[in-house]
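Note that the numbering used here has the sequence shown beginning at 323, numbered continuously upward.
Let me begin by presenting the structure, written as structure tokens, before commenting on it.
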Amino acid sequence: MDRRPAARQRSGSARGAGRLGEVERLAELDLHGLDLPPGGACALEVTVPIAPLQIGGQEYRAEPDAPRLSLEVVQLINGWHFRLRGRLVVVGPCWRCLEPAHPDVIVDASEVAIDGADDPEMTSLYLRGEVLEVAQWARDAVAEALPPAILCEEGCAGMCVTCGANLNAGPCACPPPASDARWSALADLAARLSTEGPREDDQARPN
Ligand SMILES: [Zn+2]
Ligand SMILES: [Zn+2]
């Protein structure tokens, strides 16, 4: 089904619009300007500027900074339904080695706004009057769609904790970590208990 014809050509009806249907760098969408009848829908191809994200004190930015997304708008009898979809790359430091990581991010977010609703599921943070804050929504949707760990590659070997060398380039010159004598004594005891059970001289007794 092609929903596009529902959006009529009206100059100036979407902020920053060249022509309705495709909008460059859309930060906010004036829904009133879409002039949709109840039940009417339209699909827009938009580029949306996405401000850099801060995660753990590091900056992650969308590439391109205004990725192309598709935005569907449905005017319900008593509100709105919105869906935002697209694919982009986010660039920022790998969590293990700090070299640039470029995870793919797939955005597929929906919002429902029902007039006068109290239920947070039925109200949208991104709807201000009849203006949809597309850029803010897209930024939050990208943040939510990030992978659970941002890595330069799945098997990133990380950095040596002693000298800071990037271990993806090969092992560093640091000696292997020495085992701690206190823990090895406990490990010996645990191994003995598991094979032999407690012995008399392991039990507490007064000297
Ligand atoms: Zn890495
Ligand atoms: Zn090292």
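Built from N, CA and C at the ideal position, the CB exists for glycine as well.
| Check | Outcome |
| --- | --- |
| Minimum C-alpha distance to Pro425 - residue among Val412, Ala439, Val464 | Val412 |
| Three-state class that DSSP yields for Gly401 in the structure shown | strand |
| Pair within 9 angstroms by beta-carbon distance, Cys474 and Arg418 | yes |
| Among Gly362, Asn488, Pro422, Val368, the one whose alpha carbon lies nearest that of Glu381 | Pro422 |
| Contact set, ligand 2 heavy atom to C-beta under 6 angstroms | Cys482, Thr484, Cys485, Ala487, Cys494, Cys496 |
| Chain-ordered list of residues that sit, by beta carbon, closer than 7 angstroms to a heavy atom of ligand 1 | Cys416, Arg418, Cys419, Glu421, Ala423, Leu473, Cys474, Glu475, Cys478, Gly480, Asn490 |
| Whole-angstrom C-beta distance between Leu468 and Ala431, which should lie under 8 angstroms | About 13 angstroms separates the two Cβ atoms, so there is no contact after all. |
| DSSP state of Leu375 mapped onto helix, strand, coil | strand |
| Sequence-distant residues of its chain with Cβ nearer than 6 angstroms to Gly401 (five each side left out) | Ala435, Ile436, Asp437 |
| Classification of Val395 by the beta-carbon crowding that lies within 10 angstroms, buried from 16 upward | buried |
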